[in-house]
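Using my numbering, count along the sequence shown one by one with no gaps and you end on 690. We put the beta carbon where it would ideally sit given N, CA and C, even for glycine. Here the structure is laid out as structure tokens; the discussion comes afterwards.
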Amino acid sequence: MEEGYLSLRVRELAPSATQAMNMRAKKLKAEGNDVISFSVGEPDFKTPKHIQEAAKKAIDDGWHAYTPNAGTPELRQAIAEALTRDTGAEYTAAQVVASTGAKFSIYLSLLALLNKGEEVIIPAPYWVSYPEMVRLCGGKPVVVHSSEKEAFAVSPAALEAAITDRTKLVILNSPSNPTGQVYPARTIEKIGDLLEKRKLWCISDEIYNHFIFGDHGHKSVATVSEYCREHTITVNGCSKTYAMTGWRLGWIGAPARVAKAIDDLQSQTTSNPAAITQAAGIAALKGPQDCVLEMVAEFDKRRFIIHDMLNDIDGVVCSMPSGAFYALPNVSALFGGTIAGVKVECSNDLCNVLLDKAHIAAVPGEPFGAPNHIRMSFATDAGSIEEGCRRFKNLVEKGEGV
Ligand SMILES: Cc1ncc(COP(=O)(O)O)c(C=O)c1O
């Protein structure tokens, strides 16, 4: 085959690191090993029964055709109400576009806003897909780092220092994957003020907004000012809140003119999200919400277990997660040493030795812009979290594998 037949865009694309680690873990498991996975990015719960039933009914009722491109009127209305309730900013159905997952909603948002060479500020640690999606849309990712000291909330001063005359927008993600932290309301307000001062746009990925623990509160940047309201695309979806990752339903809430542009882009790409999934989405948004509260209560218990057990391992320091379902332990004290006879120089080496010797799967921090850390999801039952952390400790402190 001739060289370079694939587009430059594809050749420069980094494959998803989370999926790569999942694949390795699944392979080990398929070979009969007892693998404990901390690498998944989805709730370990089944989609609630009443949502499943709504989808079955939609099949029986003949929801078999195309729907309006941006979603059925009933779904868009339900999303507008959910966005209004959750963010505190008013949304109408005309400001909503439903898509096949929040990931695609973010991609369409970037496509709608970015011209070639325009810069997008991405606070690190970040979700792995943001920089790649920015590049695919012709933009340039500009990474701004945050630290554990500031609970991984990027400082407005650091953001401002990264702004140039080519900066178009900032991507915010609170609660965050991978940090498991929630931005304080005050920081969101200051960032909102900065957006207005420097005339920037914002994509606010709020996919984990229901998973917030303790007395941490959720502040949406769209509520900071009239300017922010008019220049923010808020992203959310059913995947995490209702344990519906496989159903593929996400959405944006944006000023109507931007929603219209995203609707147009979608009309020339995927068209509407699956009709059956839309029926399930309506049931999720309009039905009882105790299923969400039950999940949150369970994640809340687990965050203490994982936090306490990780901090009990020599060389591992972990902040208490305040949102989402991720812990991001700092493991840099282990770099330069040897674990079970294997030299560990970076988070990638550590994840490999954890998987190979202790059969526990975690994701290296490098692709999240967090090279001193590894990401451990606690969307796995409490018993497995305990057993996984025990194995981690035995491996690091005594060199004992399984
Ligand atoms: C921060 C963040 N945004 C968006 C998504 C995408 O969600 P969806 O399944 O709706 O595409 C994920 C999924 O892992 C995520 O972690």
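- Contact check for A386 and L363: beta-carbon distance about 6 Å, within the 8 Å limit, so the pair qualifies.
- Relative to A445, the option among K485, Q383 and G505 whose CA is nearest is K485.
- N560 has its CB no nearer than 7 Å to any heavy atom of ligand 1.
- Per the DSSP secondary-structure output, R663 pairs in a beta bridge with V651.
- Between the alpha carbons of A390 and R591 lies a distance of about 25 Å.
- By the CB criterion at 8 Å, C490 and V470 fall outside the cutoff.
- D637 and A302 have their C-alpha atoms spaced approximately 19 Å apart.
- Non-local C-beta neighbours of A441 in its own chain, meaning closer than 7 Å and more than five positions away in sequence, comprise S434, Q469, Y471, P472 and T475, ordered along the chain.
- In this model, H504 and E477 are separated by some 15 Å (Cα to Cα).
- For the stretch 510-580, the full-length beta strand (DSSP E) segments reaching 3 residues or more read 520-525 and 538-541 along the chain.
- Counting other Cβ atoms within 10 Å of its Cβ, D551 reaches 16 or more and is therefore classed as buried.
- Taken from the Cβ of S527, at least one heavy atom of ligand 1 lies inside 7 Å.
- Set against 7 Å, the gap from the CB of W415 to the closest heavy atom of ligand 1 is smaller.
- Between A658 and A412, the gap from beta carbon to beta carbon is short of 8 Å.
- DSSP, reduced to helix, strand and coil, places C490 within a strand of the structure shown.
- Counting C-beta pairs closer than 8 Å gives fewer than three between the stretch 555-566 and the stretch 599-612, which falls short of the contact rule.
- The stretch 606-626 and the stretch 350-363 do not touch, with fewer than three beta-carbon pairs separated by less than 8 Å.
- When DSSP states are grouped into helix, strand and coil, N618 belongs to the strand group.
- In the structure shown, G611 adopts extended strand secondary structure according to DSSP, grouped into three states.
- Between the alpha carbons of A342 and G653 lies a gap of roughly 39 Å.
- P413 sits in coil when the DSSP states are folded into three classes, being neither helix nor strand.
- By alpha-carbon distance to S327, the top candidate from G671, L642, V684 and H595 is L642.
- Counted as a single uninterrupted DSSP element, the stretch harbouring T388 is not any beta strand (DSSP E), since DSSP gives it neither H nor E.
- In this chain, the beta strand (DSSP E) harbouring T626 covers G625 to I627.
- Ranked by how close their Cα comes to the Cα of L447, the residues S417, C425, V408 and G426 have V408 in first place.
- For A547, the CB contacts under 6 Å within the same chain, skipping 5 residues up- and downstream, are Q383 and V385 in chain order.
- DSSP places T455 inside the beta strand (DSSP E), whose first and last residues are T455 to N461.
- Taking C-beta atoms as the reference points, I662 and C677 fail to come closer than 8 Å.
- The bridge partners DSSP lists for H433 are A412.
- Taking 8 Å as the cut-off, the Cβ atoms of L537 and C516 do not count as close.
- Here the stretch 514-533 makes contact with the stretch 488-502; the two share three or more CB pairs at distances below 8 Å.
- Taking the C-beta atoms as reference points, E438 is found no nearer than 8 Å to S607.
- Between P336 and A449, the alpha-carbon positions lie close to 45 Å from each other.
- With 16 or more neighbouring CB atoms inside 10 Å of its own CB, A542 falls in the buried class.
- In the structure shown, the three-state DSSP call for E448 is helix.
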